[in-house]
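*Asks:* Position one of the sequence shown corresponds to residue 240 (our numbering), numbered consecutively onward. We put the beta carbon where it would ideally sit given N, CA and C, even for glycine. Quick caveat: nothing in here was measured; it's all calculated off a predicted structure.
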Amino acid sequence: MATVDSMPTHRPIRRRGAAVAAAAALAALTAALLPVTASADATDDFPIPRRVIRTDCSAEQMLAASRDLSPIYYERYMIDMHNKPVQVQQAAIDKMHWFFSLNPEQRRAYSEELATNFADPLTVSWPNHAKIFFNNKGVVAKSTEACSQYPRDDMSVWDWSPKP
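1) Mapping DSSP to helix, strand and coil, what is Ala369?
2) Could you pull out every residue in the same chain whose Cβ sits closer than 7 Å to the Cβ of Val396, ignoring the five residues on either side in sequence?
3) Could you spell out the range, first to last residue, of the alpha helix (DSSP H) harbouring Thr355?
4) Would you kindly work out how many angstroms separate the C-alpha atoms of Glu384 and Arg289, rounded to a whole number?
5) Quick check: what's the CA-CA separation for Gln326 versus Gln388?
6) Taking Cβ positions, are Ser297 and Lys381 nearer each other than 7 Å?
7) Does the segment 328 to 342 come within contact of the segment 356 to 366, defined as at least 3 CB pairs closer than 8 Å?
8) Can you tell which of Lys323, Trp365, Ser350, Met317 has the C-alpha that lies nearest to the C-alpha of Arg293?
9) Thinking just about the alpha-carbon of each residue, which of Trp365, Arg315, Gln345 is nearest to the one in Gln328?
10) For Lys402 and Asn356, I'd like the C-alpha separation in whole angstroms.
As structure tokens, then:
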């Protein structure tokens with residue numbers, strides 16, 4: 240049976256704890272003295288694909304191309320949209336009109352902002368309000384290739400009802 244005198248002491252643990260504390264203090268001091276400028280995690284394809292940044296098409300042209308070239312994604316987007324209050328639906332339409340009215344430099348700046356700012360009221364109300372335009376590279380690739388073939392201001396693409 241072990242006695243108290245024969246049990247190992249825990250001094251090595253204390254020494255390790257002191258070393259860890261010293262390393263943490265050094266890391267904190269280094270971080271405080273050498274601050275790094277934060278930047279958005281935006282790239283050419285995130286959060287808004289470069290094809291969308293560069294396109295000359297309108298929101299309606301993009302949506303019409305998505306409807307014809309990626310009908311499943313279009314239908315999912317429309318179902319999601321029409322399950323939102325009318326005010327949210329209109330806000331999404333207005334925001335897409337605003338976005339596609341910007342020049343490429345302004346769109347890139349918005350993409351940078353989007354990568355870091357999640358306080359947008361529309362995003363809070365409907366996080367996927369721009370999904371068909373921004374989030375799926377395959378849909379975007381098809382849509383941006385063909386969008387110029389569609390009418391620029393055909394608002395009927397926003398009016399959707401399920402097939403019987």
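*Replies:* Walking through what the data contain:
1) Residue state, collapsed to three classes: coil.
2) Once the five neighbours on either side are set aside, the close Cβ partners of Val396 are Glu299, Leu302, Ala303, Arg306.
3) Membership of Thr355 in the alpha helix (DSSP H) is indicated by the continuous run 343 to 355.
4) Roughly 13 Å separates the two Cα atoms.
5) Going by the C-alpha atoms only, they are around 30 Å apart.
6) Their beta carbons are not under 7 Å apart, which means Ser297 does not touch Lys381 by this criterion.
7) Yes: at least three Cβ pairs fall under 8 Å.
8) For Arg293, the nearest C-alpha among the options comes from Ser350.
9) Closest by alpha carbon: Trp365.
10) In this model, Lys402 and Asn356 are separated by some 37 Å (Cα to Cα).
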